[in-house]
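Numbering follows numbering that gives the first Met the number 0, with no gaps: position 78 of the sequence shown is 77.
Even glycine gets a Cβ: it sits at the ideal position worked out from N, Cα and C.
As the structure is a computational prediction, the values presented were derived from the model and not from experiment.
Notes follow once the structure below has been shown.
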Amino acid sequence: MLNKEWYYKNFNMVSELDISGEFIYTGISIVNNMDRIAPEMPTELFLALYNISVGVERLQKIILVLWEFDEVDSIEDFSESLKIHNQVELHSRIEKAINKKIFSKQECQFLELLKEFYSNARYDRFSAVGNRWEYELISKFFSNNQISYEESVSDSQVILINDSIRKLIGRVLSRIVKNYYLLVEEGSNKSGTYSYELRNDSKAQKIFLHMENRRGLSSIKIDERIALSEILIYLRNTSDKSSYLKFIEGIYPLDFDKMEISRYLSIILLEDRIPQDLIDEIEYIYAEKDIEVGERIENLDLLTKNNMQVTFDYPYLKEVYIILEEVKKQESINDDTISRLEESNCYIDDSDTQEIIESIIAVARQYHNNKILKEEFIKEFSSHYKTLEDNYTLSHISNLMQLEVRSK
0 MLNKEWYYKN
10 FNMVSELDIS
20 GEFIYTGISI
30 VNNMDRIAPE
40 MPTELFLALY
50 NISVGVERLQ
60 KIILVLWEFD
70 EVDSIEDFSE
80 SLKIHNQVEL
90 HSRIEKAINK
100 KIFSKQECQF
110 LELLKEFYSN
120 ARYDRFSAVG
130 NRWEYELISK
140 FFSNNQISYE
150 ESVSDSQVIL
160 INDSIRKLIG
170 RVLSRIVKNY
180 YLLVEEGSNK
190 SGTYSYELRN
200 DSKAQKIFLH
210 MENRRGLSSI
220 KIDERIALSE
230 ILIYLRNTSD
240 KSSYLKFIEG
250 IYPLDFDKME
260 ISRYLSIILL
270 EDRIPQDLID
280 EIEYIYAEKD
290 IEVGERIENL
300 DLLTKNNMQV
310 TFDYPYLKEV
320 YIILEEVKKQ
330 ESINDDTISR
340 LEESNCYIDD
350 SDTQEIIESI
360 IAVARQYHNN
370 KILKEEFIKE
380 FSSHYKTLED
390 NYTLSHISNL
400 MQLEVRSK
């Protein structure tokens with residue numbers, strides 16, 4: 000029988016797992032985007048450690064709920080025992096609950112770093128003196144793991160982030176997360192819950208189902224950067240046709256300084272942010288060129304939608320519908336009409352509809368080239384037309400056309 004304890008372990012922990020993954024993802028993203036660690040301005044380091052600390056701590060508490068919580072305890076009393084911010088102590092409770100050691104010396108060092116940061120260092124700047132605690136903690140961790148790095152020429156205390164640092168943090172965090180997630184899965188099986196479940200394509204799923212490699216979790220952001228680069232290359236060089244690509248082609252480009260494009264993209268791809276001077280340049284161009292900003296932004300907003308949210312192919316569906324009705328009425332088709340049908344069909348998104356239109360085009364070509372008689376063309380055309388009627392394609396287009404008329 001399902002009771003409130005089961006709901007506590009199941010639904011509450013599923014939500015917590017998603018939250019934990021989001022924090023860890025944000026933390027490792029910041030690590031990947033960092034290029035230096037400065038003792039006097041440790042903003043990025045603070046944010047990275049803060050997010051990773053919170054994410055790991057919440058993950059530890061999920062494990063304790065699944066492994067340590069007993070139904071003879073009250074949820075209220077047990078939840079009180081979790082109100083601590085000490086990753087080392089929480090890990091000790093986990094190992095006691097599962098009755099085995101699961102971390103290496105390096106992973107324990109990293110937990111110690113998180114504990115010291117979250118319990119003490121994050122309050123450092125609120126004390127009478129202090130602005131370096133995070134810096135000292137991370138420097139010690141690098142030293143303990145024999146990680147070499149360059150120092151800034153202008154300031155020898157500034158650590159320049161290199162690939163070795165990103166790999167170290169990515170690998171150790173990956174092993175911690177992997178071992179903990181295995182315990183979540185085992186604990187879920189033990190308690191008959193689905194606490195291990197992850198939202199599809201979520202940041203948490205990327206963290207917890209990440210395939211282990213030499214870069215650890217750092218490879219997640221590298222993979223994302225590669226994916227975005229590939230999309231940019233595709234958009235620039237493709238000869239493919241689709242309604243979405245056609246929609247983009249219909250938006251005229253701004254007159255950017257072409258020499259700045261590589262710098263803009265470098266910042267977007269490597270630092271995962273939009274440079275402010277790009278935003279400033281866009282605002283300047285909008286004002287200078289007297290652009291209708293409202294209309295343009297409406298079109299730009301549509302780029303964030305997918306084909307399920309916006310019918311990008313409506314103009315081409317409408318054209319196909321009009322052509323088919325003409326052919327049906329006239330019981331004939333000429334070369335110009337066939338070309339119009341071919342052109343519009345390139346931008347229809349539904350592959351089944353495209354195939355039917357291609358069949359109509361093929362039989363129309365045969366008829367136009369005198370390879371089949373008019374009667375056979377009409378018979379074949381009528382058969383394909385009926386298929387479009389039966390699968391409600393034509394009625395769908397007709398409804399869209401009626402909506403267009405009413406909206407005017």
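Based on the DSSP output, what are the partners of residue i in its beta bridges?
{"i": "Ile-36", "result": "Ile-158"}
{"i": "Glu-149", "result": "Leu-159"}
Assuming residue i contacts residue j (C-beta within less than 8 Å), just tell me the rounded distance between them.
{"i": "Ile-284", "j": "Leu-253", "result": "5 Å"}
{"i": "Leu-110", "j": "Gln-86", "result": "5 Å"}
{"i": "Arg-174", "j": "Glu-75", "result": "Actually they do not touch by this definition, with Cβ atoms about 34 Å apart."}
{"i": "Pro-346", "j": "Lys-240", "result": "Contrary to the premise, residue 346 reads as Tyr rather than Pro in this sequence. Contact holds; Cβ gap of about 6 Å."}
{"i": "Ser-350", "j": "Ala-203", "result": "Not quite, the Cβ-Cβ distance comes to about 33 Å (not below 8 Å), so this is no contact."}
{"i": "Tyr-384", "j": "Asn-306", "result": "Tyr-384 to Asn-306, Cβ: 24 Å. No contact."}
{"i": "Ser-151", "j": "Val-157", "result": "4 Å"}
{"i": "Tyr-134", "j": "Ile-36", "result": "6 Å"}
{"i": "Ile-360", "j": "Leu-340", "result": "6 Å"}
{"i": "Arg-92", "j": "Glu-67", "result": "6 Å"}
{"i": "Thr-352", "j": "Thr-392", "result": "5 Å"}
{"i": "Glu-16", "j": "Leu-197", "result": "Note that residue 16 is Leu in the sequence shown, not Glu. So it is a contact: roughly 7 Å between Cβ atoms."}
Over the uninterrupted alpha helix (DSSP H) stretch that includes residue i, give me the two end residues.
{"i": "Cys-107", "result": "104-118"}
{"i": "Val-362", "result": "350-367"}
{"i": "Gly-489", "result": "What the structure shows of the chain is the stretch from 0 to 407, and residue 489 is not part of that stretch, so it cannot be assessed."}
{"i": "Phe-461", "result": "Residue 461 lies beyond the residue range present for the chain, which begins at 0 and ends at 407; the question has no answer from this structure."}
{"i": "Ser-138", "result": "132-143"}
{"i": "Lys-328", "result": "313-329"}
{"i": "Thr-336", "result": "334-344"}
{"i": "Gln-308", "result": "No alpha helix (DSSP H) holds Gln-308; DSSP gives it neither H nor E."}
{"i": "Asn-2", "result": "Counting along the chain, Asn-2 falls outside any alpha helix (DSSP H), and DSSP gives it neither H nor E."}
{"i": "Arg-405", "result": "392-406"}
{"i": "Glu-287", "result": "275-287"}
Please determine if the segment 17-27 and the segment 54-61 are in contact, where contact requires at least 3 C-beta pairs separated by less than 8 Å. yes
For the structure I just gave you, are there three or more beta carbon pairs, one from the segment 242-253 and one from the segment 211-228, closer than 8 Å? no
Unbroken alpha helix (DSSP H) runs of length 4 or more, entirely within the segment 17-96: which are they? 42-66 and 74-80
Does the contact criterion of 3 or more C-beta pairs under 8 Å hold for the segment 27-35 versus the segment 63-82? no
Counting beta carbon pairs with one atom in the segment 132-144 and one in the segment 158-169, are three or more of them shorter than 8 Å? yes
At a cut of 8 Å, does the segment 308-319 reach the segment 397-405 through at least three beta carbon pairs? yes
Does the contact criterion of 3 or more C-beta pairs under 8 Å hold for the segment 38-52 versus the segment 2-12? no
Along the chain, which unbroken stretches of the alpha helix (DSSP H) at least 4 residues long are found entirely within the segment 206-267? 217-236 and 242-248
So, does the segment 221-230 touch the segment 262-276, judging by three or more C-beta pairs under 8 Å? yes
Three or more beta-carbon pairs under 8 Å between the segment 359-376 and the segment 327-337, yes or no? yes
Three CB pairs or more closer than 8 Å across the segment 90-109 and the segment 187-199: no
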